[in-house]
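Accompanying notes for the structure given below.
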Amino acid sequence: MLSCAGADRLQTGMRGAFGKPQGTCARVAIGQVLLSVRCKDSNSHHAQEALRRAKFKFPGRQKIIVSRKWGFTKFSRSDYIKFKSENRIVPDGVNAKLLGCHGPLANRQPGRAFLNSATA
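Residue numbering for the sequence shown follows full-length UniProt numbering, starting at 1 and increasing by one per position.
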């Protein structure tokens with residue numbers, strides 16, 4: 001509907017006023033992780049720069065934190081390297097499992113039946 005001669009915009013009225021989804025969003029709590037990136041240490045600065053540029057696309061304040069963990073695992077870097085040298089880490093997708101000294105002996109690999117409980 002045009003109100004006067006030379007009007008360059010159309011009136012939209014109450015189009016889309018109530019009850020219809022207009023976009024997508026996510027409910028995010030304060031302190032919740034938005035993105036996680038795993039990369040080699042040599043490419044860490046590239047990932048940090050990419051996240052720095054991406055954080056301007058999100059509303060609010062974001063922090064970029066470099067984890068002390070190995071990849072997406074729950075192990076610190078020093079513990080992961082130590083467990084890997086002792087062959088106690090089993091890959092599990094993007095994560096890793098730690099072999100303990102409990103459980104049935106039939107499920108263990110040959111030569112791995114008995115672990116020293118001091119190292120376990």
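Even for Gly, the Cβ is constructed at its ideal location relative to N, Cα and C.
All values reported here derive from a predicted model rather than from experimental measurement.
Return the CA-CA distance between residue i and residue j, expressed in angstroms with no decimal places.
i: asparagine 87; j: alanine 106; result: 18 angstroms
i: lysine 84; j: alanine 47; result: 26 angstroms
i: valine 28; j: glycine 103; result: 40 angstroms
i: lysine 55; j: glutamine 109; result: 46 angstroms
i: lysine 57; j: arginine 77; result: 31 angstroms
i: residue 121; j: lysine 20; result: Given a span of 1 to 120 for the chain in the structure shown, any question on residue 121 remains unanswerable.
What do you reckon, are the CB atoms on residue i and residue j nearer than 8 angstroms?
i: valine 94; j: glycine 71; result: yes
i: valine 37; j: leucine 51; result: yes
Along the chain, where does the beta strand (DSSP E) containing residue i start, and where does it finish?
i: leucine 98; result: 95-98
i: isoleucine 89; result: 89-92
Here's the rule I'm using: 16 or more other beta-carbon atoms within 10 Å means buried, otherwise exposed. How should residue i be labelled?
i: threonine 73; result: buried
i: alanine 96; result: buried
i: isoleucine 81; result: exposed
i: isoleucine 30; result: exposed
Could you spell out the range, first to last residue, of the alpha helix (DSSP H) harbouring residue i?
i: isoleucine 65; result: Taken as a continuous stretch (DSSP letters only), isoleucine 65 belongs to no alpha helix (DSSP H), as it is neither H nor E.
i: phenylalanine 56; result: Run containing phenylalanine 56: none; DSSP gives neither H nor E here.
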